[in-house]
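Count along the sequence shown starting at 1, add 5, and that's the number in my numbering.
For every residue, glycine included, the Cβ atom is placed at its ideal position computed from N, Cα and C.
None of these values were measured; they are calculated from a predicted model.
Notes follow the structure.
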Amino acid sequence: MTHISHPTRPQIAVIEPNVLAAIGLKNLLQEVIPFMEVNIFNSFAEFEPDKADRFVHYFAHVSIVLTNREFFTAHRHKTIVLTNSIEASTSLGKFFSLCTHVSEKEFIKSLLVLEQSAHAHGRNLPSVSWEKTNRCLSEREVEVMAQIVKGYLNKEIADHLNISITTVITHRKNLMEKLHVKSISALTIYAVMNGYVDINTI
6 MTHISHPTRP QIAVIEPNVL AAIGLKNLLQ EVIPFMEVNI FNSFAEFEPD KADRFVHYFA
66 HVSIVLTNRE FFTAHRHKTI VLTNSIEAST SLGKFFSLCT HVSEKEFIKS LLVLEQSAHA
126 HGRNLPSVSW EKTNRCLSER EVEVMAQIVK GYLNKEIADH LNISITTVIT HRKNLMEKLH
186 VKSISALTIY AVMNGYVDIN TI
């Protein structure tokens, strides 16, 4: 697989033998972490461990981590292990891990919990957040954003905020345009990482 690096963007490595899973994770990560460049590797050898320092993060399948445990243990602060079950995640000791057999919403929530847990324990997970932005969201846009992120439908948001459905749709459109996001997942990342929504409420 050919990798073309953009010299000014932080890079993430996805090391996953399942091609479709790797492509899906790459697309998801690029959507929710737009300032990162994601590179796919289908084996540890292809990953070229001697050049691994150029990556700020390794999302690696559990089988690859276990087979090359010495390398990943030495780079534990950069490694996120991709597992197929929550049970497997709990058996990986000091590694950060993510279960991939969940919905997109659950995966995004797990990614945010992981980042916040690392920060709380003084461990340096490369940031998955946007920097604080001055995009001038209105108070009403913030209220609508919080409702969207919590999973409410347009009619429910309109009822909760006592506004029309048309107004809700207009606010949704404005939010996406102002924040340059294209999905609810990306909006969720932004809202949580900028303190607009408590992760425990989504």
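Please state if the CB of F52 and the CB of I20 are separated by a distance shorter than 7 Å.
Position 15 of the sequence shown, counted from the start, is the residue given in the question as residue 20. Position 47 of the sequence shown, counted from the start, is the residue given in the question as residue 52. Contact flag set, yes.
Shortest alpha-carbon distance to S143 belongs to which of V24, I174, E161 and K183?
Looking up residue 143 in the sequence shown gives position 138. With distances taken between Cα atoms, S143 lies closest to K183.
Round the Cβ separation of H62 and I113 to the nearest angstrom and send it over; I've been treating them as touching at under 8 Å.
Taking the first residue of the sequence shown as 1, we reach residue 62 at position 57. Taking the first residue of the sequence shown as 1, we reach residue 113 at position 108. Incorrect: roughly 16 Å between the Cβ atoms, too far for contact.
With a 10 Å radius around its C-beta and 16 neighbouring C-beta atoms as the bar for buried, classify H176 as buried or exposed.
Working through the sequence shown from its first residue, we reach residue 176 at position 171. Burial call: buried.
Residues in the same chain with beta-carbon distance under 7 Å from K99, minus the five sequence neighbours each way, listed in chain order, please.
What you label residue 99 is simply residue 94 of the sequence shown in a count that begins at 1. Correct list, in chain order: R81.
For V24, which of helix, strand or coil comes out of DSSP?
Residue numbering aside, residue 24 sits at position 19 when the sequence shown is read from its first letter. Note: V24 maps to helix in three-state DSSP.
Would V43 and L33 qualify as a contact pair, given that the criterion is a beta-carbon distance under 7 Å?
Translated into positions along the sequence shown, residue 43 becomes position 38. Translated into positions along the sequence shown, residue 33 becomes position 28. Contact flag unset, no.
What residue does the alpha helix (DSSP H) around L71 start on, and which one ends it?
Taking the first residue of the sequence shown as 1, we reach residue 71 at position 66. V67 to T72 is the extent of the alpha helix (DSSP H) around L71.
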